[in-house]
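*Asks:* Residues in the sequence shown are numbered from 1 upward in steps of one, following UniProt numbering.
Backbone N, C-alpha and C define an ideal beta-carbon position, used for all residues, glycine too.
One structure, pasted below without further comment.
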Amino acid sequence: MKQFVLGCVLWAGISGAAWAEIKIGQTAGRTGAVAASVGEATTGAKLYFDAVNARGGIGGQPIQLVSLDDKFDPKLAAENAKQLIDQGVVALFLNRGTPHTQAIMPLLDQYKVPLVGPSTGAMVLHNPVHPWLFNVRATYRREAERLIAHLSLIGVDRIAIVQVDDSFGSDAVVGALKGLSSVNKQPLAHEKYDRAKPDFAPIMPKITAADPQAVLFIGSGQAIVDGMKALRATGSRAQMVTLSNNASSGFIKDLGDVAHGVVVSQVFPYERSIASPLVKEAIELAKAAKVDLTPSMLEGYVSAKVLVEGLRRASPQPTRDKLRKALETFSRYDLGGIEVSFSPSDHSGLDYADLSIVGPDGRFRR
Numbered sequence: 001m002k003q004f005v006l007g008c009v010l011w012a013g014i015s016g017a018a019w020a021e022i023k024i025g026q027t028a029g030r031t032g033a034v035a036a037s038v039g040e041a042t043t044g045a046k047l048y049f050d051a052v053n054a055r056g057g058i059g060g061q062p063i064q065l066v067s068l069d070d071k072f073d074p075k076l077a078a079e080n081a082k083q084l085i086d087q088g089v090v091a092l093f094l095n096r097g098t099p100h101t102q103a104i105m106p107l108l109d110q111y112k113v114p115l116v117g118p119s120t121g122a123m124v125l126h127n128p129v130h131p132w133l134f135n136v137r138a139t140y141r142r143e144a145e146r147l148i149a150h151l152s153l154i155g156v157d158r159i160a161i162v163q164v165d166d167s168f169g170s171d172a173v174v175g176a177l178k179g180l181s182s183v184n185k186q187p188l189a190h191e192k193y194d195r196a197k198p199d200f201a202p203i204m205p206k207i208t209a210a211d212p213q214a215v216l217f218i219g220s221g222q223a224i225v226d227g228m229k230a231l232r233a234t235g236s237r238a239q240m241v242t243l244s245n246n247a248s249s250g251f252i253k254d255l256g257d258v259a260h261g262v263v264v265s266q267v268f269p270y271e272r273s274i275a276s277p278l279v280k281e282a283i284e285l286a287k288a289a290k291v292d293l294t295p296s297m298l299e300g301y302v303s304a305k306v307l308v309e310g311l312r313r314a315s316p317q318p319t320r321d322k323l324r325k326a327l328e329t330f331s332r333y334d335l336g337g338i339e340v341s342f343s344p345s346d347h348s349g350l351d352y353a354d355l356s357i358v359g360p361d362g363r364f365r366r
């Protein structure tokens, strides 16, 4: 009888381990200035997680994404991250914002937990290499430099810059200034706005007075929407351009009548290109879920795909340290037409950068 009871206990323990969920933690601005793009990116990640879980998860263990709202507040982002770590997540995932990621980074070292796919392209996340942080997108500097190069190529020389006055803005503008320098130019005007309380009323008349052909907006979500609308309200017809952190359908919707013609850089392939195996796969899952794939969804989808492959390599029973070591074995891992690589000395992942424009139908075109 004792042997029977012991056998039942052992079986129950093995069964419970086999079906234990792999918890992944996310803190991001589900409400607030970047809610639209955060929502889309999270939806994209869930598309892939759900597909993996439907096939049995990772060695029989389903993936559970635990998401907390940090309201786009760096202090709350760090508090949420600590709460998720205390709950036993194997990794943090797909947070949003440069100051927010910087607030989380000390916790990664302290608790030896990986952060995969932060939705920010700040150079500080790439160099120096952080042993627990794995990027899955190009840097903002690369994006900004690419935008300036494109504008110069089509004969747009008078370029103004409007940037958020924080670590994100300071980082991204380096790429823009480098791009201008490469064609022997300086910004026609360069203004900053406060991240916490953006006020464009005193800024846009100065920008318009400089008579730029194009204005590069460096910032996030609702603030950039308000800035672009404020520019148009002054009567300026300058080409408006911004970075991929605003590449969501929600951003276009919020822009309303001023959206047509806005240029937005992209860090993943065209979300409607079925010639890309990665995109074709994502489109099919999005269609089954009755949603339209967007650039932000694709970012979440790709980040989830990278994380899942890391978990597979860290199996059985993936741990935080096993996941970190597994991710560093990626060498030109094919996601479906684009390749991601990590090593102990390089956690940049991808370096893809392209441009899109909002068409008259309110959708991104390339």
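What is the DSSP secondary structure of His347, counted as helix, strand or coil?
*Replies:* Here residue 347 refers to the residue found at position 347 when the sequence shown is read from its first residue. Note: His347 maps to strand in three-state DSSP.
*Asks:* Apart from the five residues on each side of it in sequence, which residues of its chain come closer than 6 angstroms, Cβ to Cβ, to Ile148?
*Replies:* Locating residue 148 in the sequence shown gives position 148, where the first residue counts as 1. Closer than 6 angstroms at Cβ, skipping near neighbours: Ala176, Gly179 and Leu180.
*Asks:* Can you tell me where the alpha helix (DSSP H) with Ala78 in it begins and where it stops?
*Replies:* Counted from its first residue, the sequence shown places residue 78 at position 78. It spans Pro74 to Asp86 - the alpha helix (DSSP H) in which Ala78 sits, taken as one unbroken run.
*Asks:* With a 10 Å radius around its C-beta and 16 neighbouring C-beta atoms as the bar for buried, classify Arg146 as buried or exposed.
*Replies:* Here residue 146 refers to the residue found at position 146 of the sequence shown. It counts as buried.
*Asks:* What residues in its chain sit with their C-beta under 7 angstroms from that of Lys71, if we drop five residues either side in the sequence?
*Replies:* For the purposes of this step, residue 71 is taken as residue 71 along the sequence shown, with counting starting at 1. Gly29, Thr31 and Gly32, listed in sequence order.
*Asks:* Identify, in the order they occur along the chain, each residue of the same chain with its Cβ nearer than 6 angstroms to the Cβ of Gly59, setting aside the five sequence neighbours on each side.
*Replies:* The count along the sequence shown starts at 1 and reaches residue 59 at position 59. Excluding positions up to five away in sequence, the list reads Ser315 and Pro316.
*Asks:* So does the region 220 to 230 actually touch the region 320 to 334, counting three or more Cβ pairs closer than 8 angstroms?
*Replies:* At 8 angstroms Cβ cutoff, the stretches do not touch.
*Asks:* Judging by CA-CA distance, which residue of Ile274, Val116, Pro62 and Arg158 is the nearest neighbour of Pro212?
*Replies:* Translated into the one-based positions of the sequence shown, residue 212 becomes position 212. Here the closest residue by C-alpha is Arg158.
*Asks:* Report yes if the CB atom of Pro65 is closer than 8 angstroms to the CB atom of Lys46, and no otherwise.
*Replies:* The residue labelled residue 65 in the question sits at position 65 within the sequence shown. The residue labelled residue 46 in the question sits at position 46 within the sequence shown. Per the sequence shown, residue 65 should be read as Leu rather than Pro. The answer is yes: Cβ separation under 8 angstroms.
*Asks:* Check whether the Cβ atoms of Ser265 and Leu293 sit closer than 8 angstroms, and answer yes or no.
*Replies:* In the sequence shown, residue 265 corresponds to position 265, counting from 1. In the sequence shown, residue 293 corresponds to position 293, counting from 1. Not in contact: Ser265 and Leu293 (Cβ atoms no closer than 8 angstroms).
*Asks:* Taking the straight line between their C-alpha atoms, what separation do you get for Ile207 and Val302?
*Replies:* Against the sequence shown, residue 207 aligns to sequence position 207. Against the sequence shown, residue 302 aligns to sequence position 302. For Ile207 and Val302, the distance between alpha carbons rounds to 37 angstroms.
*Asks:* Return the CA-CA distance between Thr27 and Pro318, expressed in angstroms with no decimal places.
*Replies:* Within the sequence shown, the letter at position 27 stands for residue 27. Within the sequence shown, the letter at position 318 stands for residue 318. Cα to Cα, Thr27 sits roughly 21 angstroms from Pro318.
*Asks:* Rounded to the nearest angstrom, what separates Glu271 and Val89 at their Cα positions?
*Replies:* On the sequence shown, position 271 is the one that residue 271 refers to. On the sequence shown, position 89 is the one that residue 89 refers to. Using only the alpha carbons, I get a separation of about 30 angstroms.
*Asks:* Can you tell me whether Val183 is buried or exposed, with buried defined as 16 or more other CB within 10 angstroms of its CB?
*Replies:* To locate residue 183, count along the sequence shown from 1; it is residue 183. Flag for Val183 reads exposed.
*Asks:* Distance check for Gly261 and Ala353, CA to CA, integer angstroms please.
*Replies:* Mapped onto the sequence shown, residue 353 falls at position 353. Mapped onto the sequence shown, residue 261 falls at position 261. Whole-angstrom Cα-Cα distance: 19 angstroms.
*Asks:* Tell me the rounded alpha-carbon separation between Glu309 and Gly44.
*Replies:* Your numbering for residue 309 matches position 309 in the sequence shown. Your numbering for residue 44 matches position 44 in the sequence shown. Whole-angstrom Cα-Cα distance: 16 angstroms.
*Asks:* Hey, out of Asp254, Arg137 and Pro74, whose CA is closest to Val340's CA?
*Replies:* Along the sequence shown, read from residue 1 onward, the residue named residue 340 stands at position 340. Closest option to Val340, Cα to Cα, is Arg137.
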